[in-house]
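Participant:
2 protein chains.
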Amino acid sequence: MPQPSAPRKSPGRPPRISREEVIGTARRIVTEEGVDRLTMRRLAAEIGSTPMALYHHVRNKEELLVLLLDDYAARALRRPEPAADPRERVVVAAAAIHEALAACPWIVEVLTADDLMSASALWFVEQIVDGLVECGLPPEQAVHGYRAIWYYTAGEIVVRATAARRRADDDRTTYREQVFGNLDPAEVPRLAQVADRWTPLTGEDTYLDGLRALVTGLLAAH
Amino acid sequence: MPQPSAPRKSPGRPPRISREEVIGTARRIVTEEGVDRLTMRRLAAEIGSTPMALYHHVRNKEELLVLLLDDYAARALRRPEPAADPRERVVVAAAAIHEALAACPWIVEVLTADDLMSASALWFVEQIVDGLVECGLPPEQAVHGYRAIWYYTAGEIVVRATAARRRADDDRTTYREQVFGNLDPAEVPRLAQVADRWTPLTGEDTYLDGLRALVTGLLAAH
DNA sequence: GCTAGTTTCTATACATGTACAAAAACTTAG
DNA sequence: CTAAGTTTTTGTACATGTATAGAAACTAGC
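Pasting the structure below:
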């Protein structure tokens, strides 16, 4: 793997393409035609190279997508006005991450990253951890709190995006609809009670409510 | 797609394999050799058929995996003793789902299901919704609460599983380690402060703590 | 200039999911 | 029995990610 910025004049054949070019072209394809059209062959053709040459600049397609996500985060994340209330800073920072990622459906496959650890996201993580500490959590608890917020946020985006995708290419009856159509009120009374409202209810965007609840609960322990 | 239980004597060529046989054989391969070894060709060979014949019994590989997850849930989910405290019933039901799913790393790709809506999981969903209602939430809020819990739970499992996978086939330095190695204490003081403890901290299993916090917060609004 | 070493690029090959078309094996109507 | 219709199975084909081997293009030491 080449050093991102190697001291010039290294031995070996000089590169004809760069990681930046790969990422930049990939970004163009994805924004113009969607992530489905991004294939290694297509990307190579667009750059004027061969598919395998790309593998000298990115480890594999997954890493390419992670890099694309970082690239996107660096552009799309706008730092919000830090609120006075530290607790509100936590909510606002998490919501900003969520908003940027939710607007970008193609990253879902990558979103399962351990953390959102692009350099440009660090500021937001700092806001969250710092806010929790300011609210009285010991640093370790604050890190755990951040993780919980990240699980919730990533889960929300992934689950919703997958649901949307399944709905899109599923003309036939969904398994869920089958199961939900025949609820036994004796076995599952509450679900039977809300069965007909289930789809609209789960369609509502309640991310912020859940986030606030989570933050409330994280802080309540102290 | 064939009816699960069609009224016998339908016209057309009689099937030589069944959806049950497909799922059962797939389950055997996955449990014995891991999900990576489950390919449509391998599965067909094992059954004594051809790859494309499988597609008359499952829509595609993704659906096969969803069915496998349902199958797994039906076997692995054990209903816990319902606690007296409704709030504790919520926690216990969610924890039971989490425990079963976390023990089963291969489902991650499928886990992004909209809900965990296998028939066998319904009881647990009922426990959660009912517990929240008993604690005073209106039914709509209870459904939203359940969704928040599901986001958190699915997110935790997916994120952790992906992190584990990445660690496994990544000898080289992780991108995260690179970013985390050079934290600027002036930019992100809190992160710099915990940087050396980050990996062990995020390795700890704090699912239950986060879950309890979330439930606390969901109920605190009322 | 020549050789050795290093890095990048190219060509070929394979495993995989699955689309498509046609064949096979039935039931039913006449 | 034959013809038509229906469902399942088979065979072939293609797009995709990527492993592997070797060629190409450079630098450094002689």
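As given, the protein sequences belong to chains A and B, one line each in that order.
Each residue of the first sequence is one higher than the one before, counting from 915 in the numbering used here.
Each residue of the second sequence is one higher than the one before, counting from 915 in the numbering used here.
Glycine included, every Cβ here is placed at the ideal spot set by N, Cα and C.
Source: prediction; values computed, not measured.
Closest by CA to B:Ala-987, which one among B:Ala-967, B:Ala-1033, B:His-970 and B:Pro-1000?
Facilitator: Numbered from its first residue, the second sequence carries residue 987 of chain B at position 73. Here the closest residue by C-alpha is B:Ala-1033.
Participant: Would you say B:Glu-1048 and A:Leu-1115 are within 8 Å of each other, going by their C-beta atoms?
Facilitator: One-based indexing of the second sequence puts residue 1048 of chain B at position 134. One-based indexing of the first sequence puts residue 1115 of chain A at position 201. It is not a contact, given that the beta carbons lie outside the stated cut-off.
Participant: Do you know how far the Cα of A:Ser-924 is from the Cα of A:His-971?
Facilitator: Here the question's residue 971 of chain A lines up with position 57 in the first sequence. Here the question's residue 924 of chain A lines up with position 10 in the first sequence. Their backbone Cα atoms lie some 16 Å apart in a straight line.
Participant: Check the Cβ of A:His-1058 against every Cβ in chain B and list those closer than 8 Å, keeping chain order.
Facilitator: Residue 1058 of chain A sits at position 144 when you count from the first residue of the first sequence. Neighbourhood of A:His-1058 in chain B, by CB distance below 8 Å: Leu-1115, Glu-1118, Thr-1120, Asp-1123 and Gly-1124, in chain order.
Participant: Cutting at 6 Å between CB atoms, please list the residues of its own chain near B:Arg-1081, excluding the five before and the five after it.
Facilitator: Your numbering for residue 1081 of chain B matches position 167 in the second sequence. For B:Arg-1081, where only same-chain residues beyond five positions count, there are no Cβ hits under 6 Å.
Participant: Can you list the residues of chain A that B:Asp-1044 reaches, using a CB-CB cut of under 9 Å?
Facilitator: Reading the second sequence from its first residue, position 130 is the one you call residue 1044 of chain B. Near B:Asp-1044 (Cβ distances below 9 Å), the residues of chain A are Val-1102, Pro-1103, Arg-1104 and Leu-1105.
Participant: Under 8 Å, Cβ to Cβ, is there at least one residue of chain A near B:Ala-998?
Facilitator: Position 84 of the second sequence, counted from the first residue, corresponds to residue 998 of chain B. Closer than 8 Å: no.
Participant: What does the Cβ neighbour count give for A:Glu-976, buried or exposed, with the cut at 16 atoms within 10 Å?
Facilitator: Within the first sequence, residue 976 of chain A is the residue found at index 62, counting from 1. Under this definition A:Glu-976 is an exposed residue.
Participant: Check B:Arg-993 in the structure and name its three-state DSSP category.
Facilitator: If you number the second sequence from 1, residue 993 of chain B lands on position 79. Coil, per DSSP.
Participant: At what residues does the alpha helix (DSSP H) containing A:Glu-1070 begin and finish?
Facilitator: In the first sequence, counting from the first residue as 1, residue 1070 of chain A sits at position 156. Residues 1053-1082.
Participant: Of all Cβ atoms in chain A, is any one closer than 8 Å to the Cβ of B:Arg-933?
Facilitator: Locating residue 933 of chain B in the second sequence gives position 19, counting from the first residue. False, the Cβ-Cβ gap to chain A never drops below 8 Å.
Participant: So, helix, strand or coil for A:Val-1102, using DSSP?
Facilitator: Reading the first sequence from its first residue, position 188 is the one you call residue 1102 of chain A. Three-state result, A:Val-1102: coil.
Participant: Would the beta-carbon of A:Val-980 fall within 8 Å of that of A:Leu-957?
Facilitator: Position 66 of the first sequence, counted from the start, is the residue given in the question as residue 980 of chain A. Position 43 of the first sequence, counted from the start, is the residue given in the question as residue 957 of chain A. Contact: no.
Participant: Which residues bound the alpha helix (DSSP H) around B:His-1012?
Facilitator: For this step, residue 1012 of chain B is matched to residue 98 along the second sequence. Segment 1000-1016, the alpha helix (DSSP H) holding B:His-1012.
Participant: Alpha carbon to alpha carbon, what distance is there between B:Gly-1069 and A:Trp-1064?
Facilitator: Taking the first sequence and counting its residues from 1, the one referred to as residue 1064 of chain A is at position 150. Taking the second sequence and counting its residues from 1, the one referred to as residue 1069 of chain B is at position 155. Going by the C-alpha atoms only, they are around 8 Å apart.
Participant: Using three-state DSSP, classify A:Pro-965 as helix, strand or coil.
Facilitator: Numbered from its first residue, the first sequence carries residue 965 of chain A at position 51. Helix at A:Pro-965.
Participant: Please find out if some non-hydrogen atom of the ligand ATP comes closer than 7 Å to the beta-carbon of B:Val-1102.
Facilitator: Although the ligand ATP was asked about, the structure shown includes no ligands whatsoever.
Participant: Consult DSSP for A:Pro-925 and reduce its assignment to one of helix, strand or coil.
Facilitator: Residue 925 of chain A sits at position 11 when you count from the first residue of the first sequence. A:Pro-925: coil per DSSP, three-state reduction.
Participant: In chain B, which residues lie less than 9 Å from A:Tyr-1066 when you measure between Cβ atoms?
Facilitator: On the first sequence, residue 1066 of chain A is found 152 positions in, with the first residue counted as 1. Result: Ala-1062, Tyr-1065, Tyr-1066, Gly-1069, Glu-1070, Gly-1124 and Leu-1128.
Participant: Compare the C-alpha of B:Ile-982 against each of B:Val-1093, B:Leu-952 and B:Arg-1061 and name the closest.
Facilitator: Within the second sequence, the letter at position 68 stands for residue 982 of chain B. The amino acid occupying residue 982 of chain B in the given sequence is Leu; Ile does not appear at that position. B:Leu-982 has its Cα closest to that of B:Leu-952, out of B:Val-1093, B:Leu-952 and B:Arg-1061.
Participant: Which residues in chain A sit within 7 Å of B:Thr-953, going by Cβ to Cβ distance?
Facilitator: Reading the second sequence from its first residue, position 39 is the one you call residue 953 of chain B. Correct list: empty, because the minimum Cβ distance to chain A is about 19 Å.
Participant: Counting only C-beta atoms, is B:Thr-1076 closer than 8 Å to chain A at any point?
Facilitator: Numbered from 1 along the second sequence, position 162 holds the residue referred to as residue 1076 of chain B. Chain A, which has a Cβ nearer than 8 Å to the Cβ of B:Thr-1076, makes this yes.
Participant: Mapping the DSSP letters down to three states, classify B:Arg-930 as helix, strand or coil.
Facilitator: Position 16 of the second sequence holds residue 930 of chain B. If DSSP states are grouped into helix, strand and coil, B:Arg-930 belongs with coil.
Participant: So, under 8 Å CB-CB, A:Glu-960 and A:Thr-939 are touching, yes? Tell me the CB distance rounded to an integer number of Å.
Facilitator: Stepping through the first sequence from its first residue, residue 960 of chain A is reached at position 46. Stepping through the first sequence from its first residue, residue 939 of chain A is reached at position 25. Yes, A:Glu-960 and A:Thr-939 are in contact; Cβ-Cβ is about 5 Å, under 8 Å.
Participant: At least one CB of chain B closer than 8 Å to the CB of A:Val-1108: is that the case?
Facilitator: Mapped onto the first sequence, residue 1108 of chain A falls at position 194. Taking Cβ atoms only, chain B reaches closer than 8 Å to A:Val-1108, which makes this a yes.
Participant: Closer than 8 Å, CB to CB, is A:Glu-1040 near chain B or not?
Facilitator: To locate residue 1040 of chain A, count along the first sequence from 1; it is residue 126. Closer than 8 Å: yes.
Participant: Kindly indicate the opening and closing residues of the alpha helix (DSSP H) around A:Asp-1044.
Facilitator: In the first sequence, residue 1044 of chain A corresponds to position 130, counting from 1. 1036-1048 is the span of the alpha helix (DSSP H), which, as asked, contains A:Asp-1044.
Participant: Roughly how far, in whole angstroms, is the beta-carbon of A:Tyr-1060 from the beta-carbon of A:Leu-1125, given that I think they are within contact range, below 8 Å?
Facilitator: The count along the first sequence starts at 1 and reaches residue 1060 of chain A at position 146. The count along the first sequence starts at 1 and reaches residue 1125 of chain A at position 211. That belief does not hold up - the Cβ atoms of A:Tyr-1060 and A:Leu-1125 are roughly 12 Å apart, past 8 Å.
Participant: Starting from A:Val-1022, follow the alpha helix (DSSP H) in both directions and report where the run begins and ends.
Facilitator: As a first step, residue 1022 of chain A is located in the first sequence; it is residue number 108 there, counting from the start. Counting along the chain, the alpha helix (DSSP H) containing A:Val-1022 begins and ends at 1022-1025.
Participant: Considering only their Cβ atoms, is the gap separating B:Pro-1019 from B:Ala-1075 smaller than 8 Å?
Facilitator: Along the second sequence, one-based indexing puts residue 1075 of chain B at 161. Along the second sequence, one-based indexing puts residue 1019 of chain B at 105. Here B:Ala-1075 is near B:Pro-1019, since their CB atoms are less than 8 Å apart.
Participant: Apart from the five residues just before and just after A:Gly-1045, which ones in its own chain have a Cβ nearer than 6 Å to its Cβ?
Facilitator: Start at 1 with the first residue of the first sequence, and residue 1045 of chain A comes out as number 131. Around A:Gly-1045: Pro-1000, Arg-1003 and Val-1004.
Participant: Of all the CB atoms in chain A, is at least one closer than 8 Å to the CB of B:Leu-1036?
Facilitator: Against the second sequence, residue 1036 of chain B aligns to sequence position 122. Yes - at least one Cβ of chain A is within 8 Å of the one on B:Leu-1036.
Participant: Could you name the residues of the same chain whose beta carbon sits closer than 8 Å to that of B:Leu-1128, not counting the 5 residues immediately before and after it, in chain order?
Facilitator: Along the second sequence, read from residue 1 onward, the residue named residue 1128 of chain B stands at position 214. Hits under 8 Å: Ala-1062, Ile-1063 and Tyr-1066.
Participant: Could you tell me whether the Cβ atoms of B:Gly-1182 and A:Gly-1050 are closer together than 8 Å?
Facilitator: No statement about residue 1182 of chain B is possible, as the shown extent of chain B runs from 915 to 1136 and does not include it.
Participant: Using beta carbons (cut-off 8 Å, strictly below), is A:Val-1047 in contact with chain B?
Facilitator: What you label residue 1047 of chain A is simply residue 133 of the first sequence in a count that begins at 1. Yes, because at least one Cβ of chain B sits closer than 8 Å to the Cβ of A:Val-1047.
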